Amino acid sequence: MGARFSAFRLAVRRIFSESLPGAVLGKRTSRVISQQLDQAMRVMSVALIAQGAGAALLIASLWSAGSHALLISWGIVVILTIIFSIEYNHLFFADKNRVARIRGWIRVGIAHSFVTGITWGFAGAVFPSLGSEYTLAASVSAVIGVALGSWPFYAMWLPGLAIFTFLALFPTGLSILLNYFHTSQGFVAIFFFIVIGVILYSGRRLHDLILSSILTETENRKLLQKLARERNAAEAARRTAVREGQKRQEFFRAANHDLRQPLQAMAIYLQILKKKAPADIAPVVQQLSLCAGSISNLVEQILEVSRITADTLAIQRELVPIPEYFEKLRQECDPIVRARGGTFVIRPLDYKIDTDPALLSRVIRNLVNNAFKYSDKEHPIVILAARRRAKGLIQICVYDNGPGISREDREKIFHSFYRGEAGRKAEGFGLGLAIVKGICSRLGIGLSMGSLPGKGSVFRLQLGASTITEPLALSPRGQVKKTIEFRDIPARILYLEDNRTVSDSVKALLESWGATVRVAPFLDDGLLEEMKTFKPQILLTDFDFGEGAPNGIESCLKLSHALKTSVPTVILTAVPEDMIEREWQKQLPHRALAEMPEILRKPADEEKLNGALWRMFEAKGPDFAAPAGSAQVSDPALKG
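Residues 5 to 644 (this note's numbering) make up the sequence shown, in order.
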């Protein structure tokens, strides 16, 4: 019994600990308290109906007992409190800034509880003594009915509930106890005190449930707002990243173009100078050519590393048959095989690999080139082999019989500009394997290596694969192409290049091979009409001519459609090959009359350019008679 009393006393103390607005606002935010009052106002109509019905019942029950003036006066007070309550409710909801003025609304609410409690406490204390037991029962029923009907409204704010309950019910119970202490009606007073405890306890429970709901809703709203802010921040970061990526792509495209253009012109002029140089300065020209080649390779590798680091590599995955792919790689690696007098062996499998063939080719070419370049053997051997692994994986391995890689070098060999012990004995910049690692990371290819000093090394690439039903026919392993011979090319060539220095040097070289050259900065409608008379047999073009001008692929397609025949095309450009191939794929609906151009990366040497143009000329055949009056002309805009 003592424990229950202590618990009750503690509950009462907790209720009254919230009676001061300042203390409350120190524990909860104004917004939460505003929501509590908002909930209270929404159930106020139930309390007002209970008070109006209770007042009408009480006045009707006591009217026959006399004291009409007292009843009428009390009824007027009840009506005024109801009107005050309605106006209080209306003004609260009309106040758009009620959260900021919550202290004032709390004070008005406490005053409202105080006035309403005194009004009904007066009725409970005075009216039971006016008549018979019937009036006592009517008074008790009315007061309890009003208290029970109003407690949900006051429970939203515990100080208001405590004030109303004690002022409305306690005087009634005390009056009954004093007037009927020696009679059976004295038990009614005890019932009143029990009702007070039940209302306070139930009100506290309802208050806690509502407050918990409000706090949960508030927390959820904060979480939603935080989520919205984070989503907006993530979207803003994504847009910023996209813009930065576009800026980086534009920068690398411009740097790629601007750095390669003078190198291309330098290479062409050096090749022309080499032909005309006297014997005594020929070694100097040769050294200049080697320096230009080294600079070209360095620029190529730096730009490649920069693209990988900036994550601007565009990836185009497809299923690639390994036999056909290895055969193409063998042919691409033939120049370095011939230069080193070595052997390059391919061992494919009848599978397809899921990858970007252009990017993977760069990886394998770098590994093969390194294997030949850094080999200390008189007859180096490199093997490109595909092996099946578990879980449907394919491992592509590049083996060599070179000097091997020390344990110390293995930890650093993939770092930019790092050259191991073997690398210091040959020319290079230490970027090849950094490019390999970067591309493998972007393609999701597992990269590993093994090495035995003095015996050789192996680099392993792990990819996904799918089977193919019929193996492709292979060329004899180790077979190499014949050396490209320099030939005269008596062809009509349309050369599109917007850089004056490069166009002048290349034009001079083409004319030295017997070509009739028409030079223009880009292809427009007027030039297309002129080409119907000139009838070019070969189109030599850059790829990127800036915004608003057709690129190299579009120029090839437009020229072929205008002439109603396929015009063999060589694209001499600084743009990466994979980007050009993707542009060709995009133009699929428009390329019925054209064939995929051959691509040369700037700076291209004389051997590569002559070989590519000869293949184009040979494919078309010298079957066009030169138009009457044709001459070697160039665009006036480029004449200076």
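Here a beta-carbon is modelled for each residue, glycine too, at the ideal position from N, C-alpha and C.
All values reported here derive from a predicted model rather than from experimental measurement.
Excluding the 5 residues flanking residue i on each side, which residues of the same chain have their C-beta closer than 6 Å to its C-beta?
i, result
"residue 156", "47"
"residue 146", "58, 61, 62"
"residue 351", "389"
"residue 603", "575, 581, 584"
"residue 525", "502"
"residue 437", "417, 418"
Distance, Cα to Cα, residue i vs residue j?
i, j, result
"residue 126", "residue 229", "50 Å"
"residue 419", "residue 227", "44 Å"
"residue 77", "residue 176", "19 Å"
"residue 45", "residue 103", "15 Å"
"residue 582", "residue 348", "25 Å"
"residue 415", "residue 588", "41 Å"
"residue 216", "residue 39", "12 Å"
"residue 555", "residue 542", "16 Å"
"residue 553", "residue 295", "34 Å"
"residue 281", "residue 287", "10 Å"
"residue 530", "residue 245", "41 Å"
"residue 397", "residue 236", "41 Å"
"residue 116", "residue 69", "30 Å"
"residue 601", "residue 332", "17 Å"
"residue 169", "residue 206", "12 Å"
"residue 119", "residue 208", "21 Å"
"residue 546", "residue 442", "28 Å"
"residue 569", "residue 622", "16 Å"
"residue 167", "residue 225", "33 Å"
"residue 573", "residue 614", "13 Å"
Once DSSP output is grouped into helix, strand and coil, what is the label at residue i?
i, result
"residue 527", "coil"
"residue 453", "strand"
"residue 322", "strand"
"residue 444", "helix"
"residue 491", "coil"
"residue 460", "strand"
"residue 106", "helix"
"residue 417", "coil"
"residue 468", "strand"
"residue 428", "Caution applies to residue 428, whose pLDDT of 49 falls short of 50 and renders its modelled position unreliable; the model cannot decide the point."
"residue 545", "strand"
"residue 599", "coil"
"residue 151", "helix"
"residue 176", "helix"
"residue 57", "helix"
"residue 521", "strand"
"residue 205", "helix"
Go through its chain and collect everything with a Cβ distance to residue i's Cβ below 8 Å, but skip five positions before and after it.
i, result
"residue 290", "278"
"residue 393", "399, 466"
"residue 514", "493, 497, 499, 521, 544, 617"
"residue 86", "52, 55, 56"
"residue 35", "103, 222"
"residue 505", "265, 266, 269"
For residue i, report the span of its beta strand (DSSP E) as first-last.
i, result
"residue 358", "355 to 359"
"residue 496", "496 to 500"
"residue 350", "347 to 351"
"residue 401", "397 to 404"
"residue 573", "573 to 577"
"residue 385", "385 to 393"
On the premise that residue j lies in contact with residue i, defined as a C-beta separation below 8 Å, what is that separation, rounded to the nearest angstrom?
i, j, result
"residue 523", "residue 511", "5 Å"
"residue 446", "residue 401", "Rounded, the Cβ-Cβ distance is 21 Å, inconsistent with contact."
"residue 404", "residue 375", "4 Å"
"residue 343", "residue 609", "That pair is no contact at about 13 Å."
"residue 373", "residue 439", "Actually they are not in contact, since the Cβ atoms of residue 373 and residue 439 sit about 11 Å apart, beyond 8 Å."
"residue 142", "residue 179", "Rounded, the Cβ-Cβ distance is 14 Å, inconsistent with contact."
Tell me where the alpha helix (DSSP H) around residue i begins and ends.
i, result
"residue 414", "411 to 414"
"residue 93", "72 to 98"
"residue 506", "504 to 516"
"residue 337", "Where residue 337 is concerned, there is no enclosing alpha helix (DSSP H), given that its DSSP letter is neither H nor E."
"residue 40", "34 to 46"
"residue 606", "Where residue 606 is concerned, there is no enclosing alpha helix (DSSP H), given that its DSSP letter is neither H nor E."
Return the chain-ordered list of same chain residues with a C-beta closer than 7 Å to the C-beta of residue i, the five sequence neighbours on each side being excluded.
i, result
"residue 97", "45"
"residue 123", "81, 82, 85"
"residue 324", "356, 357, 359, 361"
"residue 197", "177"
"residue 164", "113, 114, 117, 158"
"residue 218", "36, 39, 40"
Does residue i get closer than 9 Å to chain B when you measure Cβ to Cβ?
i, result
"residue 168", "The displayed structure is made up of one protein chain only, and chain B is not part of it."
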